[in-house]
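K.L.:
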Amino acid sequence: MPSINHFQKRSLLIEQLNAEKKVGKTIGFVPTMGALHQGHLSLVEQAKKECDIVVVSIYVNPLQFNNPNDLKNYPRSLANDFSLLSNHGNIIVFCPSFDDVFPNGEEQYTLNVGEIANLLEGHYRPGHFTGVIKVVNALFNLIKPNKAYFGNKDYQQVLIVKKMVQILGQDVKIIACPTHRSKNGLAMSSRNALLSEQEGREAALIYEALKLCKEKINSLSPAELKAEASSLFENGPLKLEYLEIVSADELVPINNWEQKSICCIAAYCGKVRLIDNLMLN
Ligand code: AMP
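For the sequence shown, position 171 matches number 1257 in my numbering, and the numbering has no gaps at all.
Below is the structure:
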């Protein structure tokens, strides 16, 4: 019978993980902010395939919200999260308080990873990645996983976490996992719970725009493609915040298709801000 082992206190989690590590068990870690969906669960499944023990953290990190209302309205559904995870086998769930994540304050986990943190999401959500780095750095120090699993849905986050690990020389392998989508193409996201049924249908336009970019890569330049895909949002129900076609390694705008490139989109569907991306070549 699958079970979940639930910890709130860092000291108890550390004790349990030390005991597992002592007998040679490998630790896979899936950091989340809860309101779990199939996208999160696909990360858990991947971790289960590759590691002996899987730790899932559920922590809505206040440091990565640049908008207090966004933090207040962020969906929370702990009971449902537990029930979803209990269907997935033997998992350790860590639901810490701020003090359990940052027992000596947050400042020591600050790291400058360079310009990449100021682009795209970093530009539109100032301070977001400073908060992401602090929480992931703190959780890596606490859990010391062998592997940690992140979704390419948050592609810039994956690049930034990899950069952090490289700069700090942390002994953890970052595994980037594919984006899970609803039938209409909308990337699964905890924030989708805040959409009405109609908004959920309208939000599929984001994936339509991404697919258009991929289809037309051989006939249009990056600038032409950006203009054409952006025009899909004109006079529509979604408010485009950005649609950028950038290099996949540094996320800077490109002039040709010689390098690996990705289209990244942020758009508001009503009050809900959604992001998505698609690798183009
Ligand atoms: P969050 O709870 O939104 O912080 O997400 C926790 C992890 O799940 C992050 O690494 C996300 O990139 C990943 N994730 C979120 N949505 C999806 C999705 N639709 N498919 C795959 N991974 C996802």
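Beta carbons are placed, not taken as given, at the ideal position from N, Cα and C, and that holds for glycine.
(1) Pull up the distance between the alpha-carbon of Asn-1091 and that of Ile-1351, whole angstroms please.
(2) Going by the CB atoms, is the gap between Phe-1151 and Ile-1229 shorter than 7 Å?
(3) Between which two residues does the beta strand (DSSP E) carrying Val-1179 extend?
(4) Please name the residue in Gly-1286, Glu-1201 and Ile-1144 whose C-alpha comes closest to that of Lys-1357.
(5) Output needed for Pro-1264: all residues of its chain with C-beta closer than 7 Å, excluding positions within five of it in sequence on either side, in chain order.
(6) In angstroms with no decimal places, state the Cα-to-Cα distance between Cys-1181 and Pro-1117.
(7) Which of the three DSSP states, helix, strand or coil, is assigned to Met-1274?
(8) Can you list, in chain order, the stretches of the beta strand (DSSP E) that have 3 or more residues and sit fully within the stretch 1307-1361?
(9) My output table needs one value for Phe-1215: the three-state DSSP class, helix, strand or coil.
(10) Which two residues bound the contiguous beta strand (DSSP E) that contains Val-1258?
(11) Trp-1343 to Asp-1335, Cα distance in whole Å?
(12) Does Cys-1349 have its Cβ less than 7 Å from a Cβ in chain E?
(13) Can you tell me where the beta strand (DSSP E) with Ile-1246 in it begins and where it stops?
(14) Short check: CB of Gln-1252 to CB of Glu-1207, under 7 Å?
(15) Cβ of Leu-1326 within 7 Å of Cβ of Ala-1289?
(16) Smallest Cα separation from Gln-1094: which of Val-1141, Glu-1106 and His-1123?
(17) Can you round the beta-carbon distance between Ile-1261 and Tyr-1235 to whole angstroms, since I take them to be within the 8 Å contact cut?
(18) Taking 6 Å as the limit, tell me which residues put their C-beta closer than that to any heavy atom of the ligand AMP, in chain order.
(19) If you run the structure through DSSP and keep just helix, strand and coil, what is Val-1140?
(20) Spatial neighbours of Ser-1268 within its chain, please: CB distance less than 7 Å, with the 5 preceding and 5 following residues excluded, ordered by chain position.
P.N.:
Once the coordinates are examined:
(1) Using only the alpha carbons, I get a separation of about 37 Å.
(2) Here Ile-1229 is not near Phe-1151, since their CB atoms are 7 Å or more apart.
(3) Val-1179 -> beta strand (DSSP E) spans 1177-1180.
(4) Nearest C-alpha to Lys-1357: Gly-1286.
(5) Apart from sequence neighbours up to five positions away, the residues of its chain that approach Pro-1264 with a beta-carbon distance below 7 Å are Asn-1238, ordered along the chain.
(6) The alpha-carbon atoms of Cys-1181 and Pro-1117 are separated by roughly 10 Å.
(7) In this structure, Met-1274 counts as coil in the three-state DSSP scheme.
(8) The stretch 1307-1361 contains, as complete beta strand (DSSP E) runs of 3+ residues, the segments 1324-1333 and 1347-1355 (chain order).
(9) For Phe-1215, the three-state secondary structure derived from DSSP is helix.
(10) Counting along the chain, Val-1258 falls outside any beta strand (DSSP E), and DSSP gives it neither H nor E.
(11) In this structure, the straight-line span from the alpha carbon of Trp-1343 to that of Asp-1335 is close to 14 Å.
(12) Absence of chain E from the displayed structure is noted, only one protein chain being present.
(13) Ile-1246 -> not in any beta strand (DSSP E); alpha helix (DSSP H) instead, spanning 1241-1254.
(14) Not in contact: Gln-1252 and Glu-1207 (Cβ atoms no closer than 7 Å).
(15) No, they are not a contact pair.
(16) Residue Val-1141 holds the alpha-carbon nearest to the alpha-carbon of Gln-1094 among Val-1141, Glu-1106 and His-1123.
(17) Beta-carbon to beta-carbon, Ile-1261 and Tyr-1235 are separated by about 5 Å, close enough to satisfy the 8 Å threshold.
(18) My final list is Thr-1118, Met-1119, Gly-1125, His-1126, Ser-1128, Leu-1129, Phe-1236, Gly-1237, Lys-1239, Asp-1240, Cys-1263, Thr-1265, His-1266, Ala-1273, Met-1274, Ser-1275 and Ser-1276.
(19) Strand at Val-1140.
(20) The answer, listed in chain order, is Met-1274.
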